[in-house]
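Reading through the structure tokens given below for one structure.
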Amino acid sequence: MEVEPIHINCHSGLDDFSFQDAVSFFKSVEGLETKVGLKCSLSHETHRGRILFSPWRTLELIKEIPSLKFTLDLSHWVVVSERLIEIDRILPVLERTLHIHARLATPQASQVSNPNTMDTIIKQYFEKVWLTVWKSQARSNVQFLLDPEYGPLCDSYMPNNTWFTDGKVTKVGGELDLDELIISEGKRLFELHKMLIA
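Numbering (the numbering used here) for the sequence shown: 1038 to 1235.
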């Protein structure tokens, strides 16, 4: 079976790779992309447990490999750094982002149970970061790629004021179906993108 992906997202390496091993890994991937004649975009995800677990390490890697492209999952960096990171400090990453994994997080949790009930400051921060990426993508004529990412429910990855029953997130005030949450958040962010970038 032949497939024609529009994008490939990579969970690249491990957080215990030495800096030089990380550089070698990314250069090898770039070489492989050229060798096979990859016809779609490819980016490396900013994710805990991976080479790009920290914004500070990622910024150092950009100095060595300016051609690196990213899938930004900012939630992991907010947890690793235990703060909302100043946008100017991560701008080189945002300018190289091809794909966003869109979910809200706090400095103590990599996702929230419901973005619709989230603290306004956190929601505004994430949307400002995503807007910075979208503006950069628009200037560079890069395709808009975004995945609202919530769950899984079954292993306590989605936090605290919820519990998992029969495929639904149950919380004070009623149930929230995970699929409905992802679809509604995708529609909301698509409209936000359209409104801000159009």
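Ideal Cβ positions, reconstructed from N, Cα and C, are used throughout, including at glycine.
Small disclaimer: the values here were computed from a predicted structure and weren't measured.
Other residues of its chain near residue i: CB distance less than 6 Å, five sequence neighbours each side excluded
i	result
V1149	L1141, M1155
L1182	H1044, H1136
I1088	S1049, G1050, F1054, A1059
D1110	E1082, T1083, H1084, H1138
Backbone secondary structure at residue i - three-state DSSP
i	result
P1092	helix
P1103	coil
N1197	Caution applies to N1197, whose pLDDT of 46 falls short of 50 and renders its modelled position unreliable; the value that the coordinates give is listed next. Of the three classes helix, strand and coil, the one that applies to N1197 here is coil, per DSSP.
L1121	coil
N1153	helix
D1058	helix
Cα-Cα separation between residue i and residue j, rounded to whole angstroms
i	j	result
S1221	R1126	31 Å
S1112	S1147	5 Å
D1216	D1052	31 Å
S1078	V1066	13 Å
E1164	A1175	16 Å
W1277	F1227	The structure shown has nothing for residue 1277, since the chain only spans 1038 to 1235.
Integer-rounded CB distance, given that residue j should sit under 8 Å from residue i
i	j	result
R1085	V1116	7 Å
F1056	E1097	7 Å
W1249	P1092	Residue 1249 is absent from the model: the chain starts at 1038 and stops at 1235.
S1177	L1131	In fact, because the Cβ distance is near 12 Å, the residues do not count as touching under 8 Å.
Own chain partners of residue i with C-beta closer than 7 Å, once the 5 adjacent residues on each side are dropped
i	result
I1219	P1185, Y1187
Of the residues the options, the one placed nearest residue i, counting alpha carbons only
i	options	result
I1158	S1065, L1121, F1062, R1094	L1121
F1107	E1123, M1232, C1047	C1047
N1151	K1160, T1071, L1105	K1160
heavy atom of the ligand ZN below 7 Å from residue i C-beta
i	result
L1141	For the ligand ZN, the structure offers nothing, since it holds no ligand at all.
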